[in-house]
Amino acid sequence: MAGAVPALGAALLTAAGCVWYVPAVADLRAGADRPVSRRTAAAACLTGWTTLAAIAVLLFAGAAWQAACATATAGATVTAVLRIRAAVQHRHEVRETVRHWAALAPGLPGHGRGDDRSRYVFAVLLACGLVVTVVTTSVAMAVGSGGGN
């Protein structure tokens, strides 16, 4: 009975995950119509959900908790590796697309590497805001502790 409740929970969670794994199946079935990174991400999604389903089956079958934990660890590792690989592939695909568009329209603004200043402007503004917050908090704490004496 002890393994039935977690098994039922894992089975219900797997069934509810169809909003993620059904589109992933569609991406894999589309084949070359989808980018490689998207298919790899779909494989990662399916690996994760299949791992959860396998854990549910193991728990329903009455297998030892060590077997379920080993399955969870192996599945999570494979899922993480596939997802990281998909992110690397996506980054490569984006760079390649930007390079192709830059070759087609070299004179247009926003197609070069030097025109990507908005990221740096945001970082500078964020850093300035954090510095102002730290200084203001320090001053308020100094005034608050000094006024109580």
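Here the sequence shown is numbered in our numbering, starting from -19 and rising by one per residue.
Backbone N, C-alpha and C define an ideal beta-carbon position, used for all residues, glycine too.
From residue i to residue j, what does the alpha carbon distance come to, in whole angstroms?
i, j, result
"ALA47", "ALA4", "27 Å"
"ARG18", "ALA41", "34 Å"
"ALA54", "ALA24", "13 Å"
"THR77", "GLN69", "12 Å"
"ALA43", "THR51", "11 Å"
"TRP45", "SER125", "55 Å"
"VAL2", "CYS108", "45 Å"
"GLY(-3)", "VAL112", "44 Å"
"ALA122", "ALA(-13)", "56 Å"
"ASP13", "ASP7", "8 Å"
"PHE102", "THR117", "22 Å"
Look up residue i in the DSSP assignment and say whether it is helix, strand or coil.
i, result
"ALA4", "helix"
"ARG79", "helix"
"ARG71", "helix"
"ALA44", "coil"
"PRO(-14)", "helix"
Looking only at C-alpha atoms, which of the options sits nearest to residue i?
i, options, result
"TRP0", "GLY11, PRO15, THR27 and VAL123", "THR27"
"PRO15", "LEU(-8), LEU(-12), VAL74 and GLY109", "VAL74"
"ALA(-16)", "LEU38, ALA60 and TRP81", "LEU38"
Closer than 7 Å by C-beta to residue i: which residues in its own chain qualify, once you throw out the five before and the five after it? Chain order, please.
i, result
"THR(-6)", "TRP29, LEU32, ALA33 and ALA36"
"ALA21", "ARG63 and ALA66"
Enumerate in chain order the residues of its own chain whose CB-to-CB distance from residue i is below 6 Å, with the five nearest sequence positions on each side excluded.
i, result
"ALA(-9)", "ALA36"
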